[in-house]
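Encoded as structure tokens, the structure appears first; notes follow it.
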Amino acid sequence: CYNLVKFYKKKEACIVYSPPTKRVDRLNDDSNCSSRLTPLPRSILPTARILFPVHSRASTSGPHARVAQMGKSTSWTAIFGGLGCFSSAHGDRSGESGEKPRPLAPAPLPLPSPEDLPLSLAGLSDLMVFTVEELRTATRDFSMTNFVGEGGFGPVYKGRVDERVRPGVRQPQAVAVKLLDLEGSQGHKEWLAEVIFLGQLRHPHLVKLIGYCYEDEHRLLVYEFMARGSLEKHLFKKYSASLHWSVRLKIAIGAAKGLAFLHEAAKPVIYRDFKTSNILLDSDYTAKLSDFGLAKDGPGEDETHVSTRVMGTQGYAAPEYIMTGHLTTKSDVYSFGVVLLELLTARKAVDKNRPPREQNLVDWARPCLRDSRRLSRVMDKRLNGQYSTRAAQKAAAIAYQCLSASPKSRPRMSGIVEALESLLVLDDSVVEPFVYTAQPENK
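Residue numbers for the sequence shown follow full-length UniProt numbering, beginning at 1 and rising by one.
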């Protein structure tokens, strides 16, 4: 019998499962992300704690209020205490309320020495190391006019790295600057995982990490700026223009290539939090995976899975991972199937505002995926039938396989990429011009 604890929020749901087994919890294992570089000193690794979402509307909890705190001294416990199950992409939380996860009962954590941190970042020579003042300059002192959004990591600001920020910079670049929220659901460990994974992994379909800041108690990340924000915003935000079928297919292929790269790397990586809010889009709708705070090294040669505490977002986690804590690359494949289903239907993985039978997208839509008549009923009505029927049926078949209850029955991501790319040549629909009205950008 598993002790399952579920939490739901109106805007986004969070689940934390803690089955009482004797399996190895590799959350604090050096064989995880830190083993990719110099082993991380144990003093830096905080004890894992489950975070419980509660309502908080205090005036001091806003993003601008937290920026004002950057000049104040903050305890190491506050900095390194947050470990959570929410993750975010920059620019996809601006419309949400101020609800934040909080620890049920703060526990004393080992206080890391600031001198230890560089040991875990050794070898990341391709990344720029910024100072707080440089990032203040880049973001106009973290001006609210540069505020992009907010998620589990903290507030995100648009900035610009040029000669004013770093003398000698040849090519000015728009960037997104994430600040670690001192009271947020993601803490130092997720920040460090993000730096280590994205500092080493480079691919056209992974968001590029440009640099970071670890000055005193401050923890910031600097990414390339993704002009069109998250896929979540385009699929579900009110009044947003509908994505054309060809654009949806392009996004699915790009995201699949990103996952395939991770799974087939020399040292495989399990993304663990694949969802629409973590898929960012550039100006050409090229999809890139972001937010590697929950990523894990894959199983070794003699292992079949990684055993770990279940963390992620409700509706996307594979059923066997929820029940056993066994994590494999096929767990990501299941999550991809959910996102592909969202692309087909423009419905959220979990939507508590819908009738009870339609609240869970997989339960509601999967039975329709192999029936052409029933499939047309669940396809996004905003497409107005302007898509290839054959391509939609084949995409639905791919989603059906990805969502199989048996991990062994799910395809590999490399095979999914090939299958999706074959749909690009199918054209049996009447296509009208696609028009997108872009939001004005802050300069």
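We treat Cβ as the ideally placed atom computed from N, Cα and C, and that holds for glycine.
Point to revise | Contact under 9 Å by Cβ, A349 with Q314 | key: yes
Exercise for review: Could you pull the start and end residues of the alpha helix (DSSP H) that A391 belongs to?
Suggested key: 389-402
Exercise for review: Just list the beta strand (DSSP E) runs in the stretch 266-320, keeping only unbroken ones of 3 residues or longer that don't cross its boundaries, in chain order.
Suggested key: 279-281, 287-289, 310-312
Check your understanding: According to the neighbour-count rule (16 or more other Cβ atoms, all chains shown, within 10 Å of its Cβ), is R377 buried or exposed?
Key -> exposed
Review point. Using CA coordinates, which residue listed in K275, D371, I253 is at the minimum distance from T286?
Key: I253
Check your understanding: Hey, M413 and A227: beta-carbon distance below 9 Å or not?
Key -> no
Review point. Pairing CB atoms from the stretch 262-270 with CB atoms from the stretch 231-238, are three or more of them under 8 Å?
Key: no
Review point. Cβ atoms of L375 and L383: under 9 Å apart, would you say?
Key: no
Review point. From this set, A174, Q359, V156, E134, which residue's C-alpha is nearest D282's C-alpha?
Key: A174
Practice item. Use the C-beta contact count for V425: other C-beta atoms within 10 angstroms, 16 or more gives buried, fewer gives exposed. Key: exposed
Review point. What are the boundary residues of the beta strand (DSSP E) that E224 is part of?
Key: 220-224
Review point. Do you know how far the Cα of L243 is from the Cα of Q386?
Key: 11 Å
Practice item. For S246, count neighbouring Cβ atoms within 10 angstroms of its own Cβ and tell me buried if that reaches 16, exposed if not. Key: buried
**Study point:** the stretch 126-139 contacting the stretch 153-162, beta-carbon criterion three pairs below 8 Å
**Key:** yes
Practice item. Return helix, strand or coil for F197, following the three-state DSSP convention. Key: helix
Practice item. Going by CA-CA distance only, name the one from I322, V177, T329 that's closest to F153. Key: V177
**Study point:** Range of the contiguous beta strand (DSSP E) that encloses K158
**Key:** 155-161
**Study point:** Identity of the residue in R170, G337, I210, G149 nearest P407 by Cα
**Key:** G337
**Study point:** CA-to-CA distance, N360 to K250, given in whole angstroms
**Key:** 25 Å
Exercise for review: Please name the residue in S277, L420, A295 whose C-alpha comes closest to that of K288.
Suggested key: S277
Point to revise | Cβ neighbour criterion (16 or more within 10 Å) applied to K352 | key: exposed
**Study point:** CB of T317 within 9 Å of CB of S331, strictly
**Key:** The question names Thr, but residue 317 in the sequence shown is Ala. Taking 9 Å as the Cβ cut-off, A317 and S331 qualify as a contacting pair.
Check your understanding: Just curious, the alpha helix (DSSP H) that E418 is in, first and last residue?
Key -> 413-421
Check your understanding: With distances taken between CB atoms, is the gap from residue 445 to V339 smaller than 9 Å?
Key -> Not covered by the structure: residue 445. The range shown for the chain is 1 to 443.
Point to revise | Per-residue DSSP class, three states only, for V362 | key: helix
Practice item. Count the other C-beta atoms from every protein chain shown that fall within 10 angstroms of the C-beta of S290, then say buried if there are 16 or more, exposed otherwise. Key: buried
**Study point:** Same chain, Cβ closer than 7 Å to A256, five either side skipped, listed in chain order
**Key:** F336, M413, I416, V417, L420
**Study point:** Sequence-distant residues of its chain with Cβ nearer than 8 Å to H205 (five each side left out)
**Key:** G254, A255, K257, G258, F261, T286, A287, K288, L289
Exercise for review: Would you mind sorting G199 into buried or exposed? The rule is 16 or more other CB atoms within 10 Å of its CB.
Suggested key: buried
Practice item. Determine, using beta carbons only, whether residue 451 and L403 come nearer to each other than 9 Å. Key: The displayed coordinates of the chain run from 1 to 443. Any statement about residue 451 would go beyond what the structure contains.
Exercise for review: Starting from the C-beta of E358, find all residues in its chain whose C-beta is less than 6 Å away, skip the five residues before and the five after it, and write them out in chain order.
Suggested key: W364
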